[in-house]
Every structure is written in structure tokens, then in C-alpha cells.
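> What follows is a structure written as C-alpha cells; I'll ask about it next.
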């Protein structure tokens with residue numbers, strides 16, 4: 059039985075299903091991933107065998123390829139949420155981990171491009187953790 063994951067964007071206009079295994083799970087700290095997520099890193103799942111099916115809203119999916127790089131980002135044109143994209147002529151699937159609605163059992167393999175980490179991205183486990191909004 060093949061693993062199936064369902065996912066969607068923030069506004070719910072786009073939904074998708076990924077069938078198959080993810081071979082790797084990386085948290086990328088490169089300058090491009092920090093820019094396009096607005097965060098310390100991008101968390102992406104990768105597969106060369108899984109298949110992507112758009113369930114709803116495929117016409118809202120936009121893809122941006124940064125010229126002269128291998129950096130590609132797909133997103134919902136309505137809410138801007140990161141979405142999966144197929145690269146290298148269909149041979150490679152990249153899925154933002156935060157776009158998955160089902161439980162992800164795979165643990166991250168590694169942080170990558172750590173030489174590009176943001177200056178403030180140090181010892182974050184020491185920063186106080188709050189269950190909800192700060193009061």
C-alpha cells in the first residue's frame with residue numbers, strides 16, 4: 059500500500075495529494091530559501107518517485123524560477139502559500155513540509171547550507187517557548 063499525503067494552501071483554494079515515499083527532508087538555510095519563506099529556513103520534502111495530483115485550484119498555482127539558479131518556488135496566487143512543484147522534467151518533486159495537512163512520519167535528514175544561516179539563527183532552542191499568543 060502506497061503512502062498518501064494530502065495538503066493545501068492557507069486560503070484553501072488549492073489542495074493536492076502526494077502518493078509515494080519522500081526520500082529526503084531538508085531544512086535549507088540558503089539565502090534564496092530564507093528570502094522566499096521570510097524565515098530562518100525552508101523545510102522541504104523531496105522525491106524522485108512520488109506523484110503529485112492537484113485536487114482543487116490548480117489554476118491558482120504559480121511557479122517562479124530564479125534566473126541562473128536551480129531555485130524554484132510554487133505558490134498560491136490568492137494567499138501566497140508555498141506549494142509543491144515538479145522539477146527536472148517531472149523527475150523531481152519538492153514539497154514544502156508546512157503545506158502537508160496529514161501527519162509526516164519522516165524526520166528531517168539535515169540542515170543544509172548552514173554556512174548561509176541568518177545571524178539571528180543561533181541557539182533558537184534557548185528562546186522561550188509560549189503555547190499561544192504572548193500576553
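Numbering (the working numbering), first residue to last: 59 to 193. Positions of the beta carbon are idealized from the N, C-alpha and C atoms, including for glycine. Being a predicted model, the structure only gives us computed values, none of them experimental.
1. For residue 147, does the count of other Cβ atoms within 10 angstroms reach 16, so buried, or fall short, so exposed?
2. Please tell me whether residue 134 and residue 119 are closer than 8 angstroms, where the distance is taken between their beta carbons.
3. Which residues mark the beginning and the end of the beta strand (DSSP E) in which residue 86 is found?
4. Quick check: what's the CA-CA separation for residue 190 versus residue 177?
5. Less than 6 angstroms between C-beta atoms, sequence neighbours within five positions excluded: which residues of the same chain meet that for residue 132?
6. So, under 8 angstroms CB-CB, residue 79 and residue 104 are touching, yes? Tell me the CB distance rounded to an integer number of Å.
7. Which two residues bound the contiguous alpha helix (DSSP H) that contains residue 91?
8. For the beta strand (DSSP E) that contains residue 65, what are its first and last residues?
9. Below 8 angstroms CB to CB, which residues in the same chain sit around residue 75 once its five sequence neighbours on both sides are set aside?
Reading off the structure:
1. Within the chain shown, residue 147 is the residue found at index 89, counting from 1. Classification of residue 147: exposed, given that the 10 Å Cβ count is below 16.
2. One-based indexing of the chain shown puts residue 134 at position 76. One-based indexing of the chain shown puts residue 119 at position 61. Yes, the Cβ-Cβ distance between residue 134 and residue 119 is below 8 angstroms.
3. The residue given as residue 86 occupies position 28 in the chain shown. Segment 82 to 86, the beta strand (DSSP E) holding residue 86.
4. Within the chain shown, the letter at position 132 stands for residue 190. Within the chain shown, the letter at position 119 stands for residue 177. Those two C-alpha atoms are separated by around 26 angstroms.
5. Translated into the one-based positions of the chain shown, residue 132 becomes position 74. Taken in chain order, the residues that qualify are 119, 121, 141, 143.
6. For the purposes of this step, residue 79 is taken as the residue at position 21 of the chain shown. For the purposes of this step, residue 104 is taken as the residue at position 46 of the chain shown. Not quite, the Cβ-Cβ distance comes to about 11 angstroms (not below 8 angstroms), so this is no contact.
7. For the purposes of this step, residue 91 is taken as the residue at position 33 of the chain shown. Unbroken alpha helix (DSSP H) run through residue 91: 89 to 95.
8. Counted from its first residue, the chain shown places residue 65 at position 7. Where residue 65 is concerned, the enclosing beta strand (DSSP E) stretches over 62 to 66.
9. On the chain shown, residue 75 is found 17 positions in, with the first residue counted as 1. The residues are 62, 63, 64, 65, 110, 111, 113.
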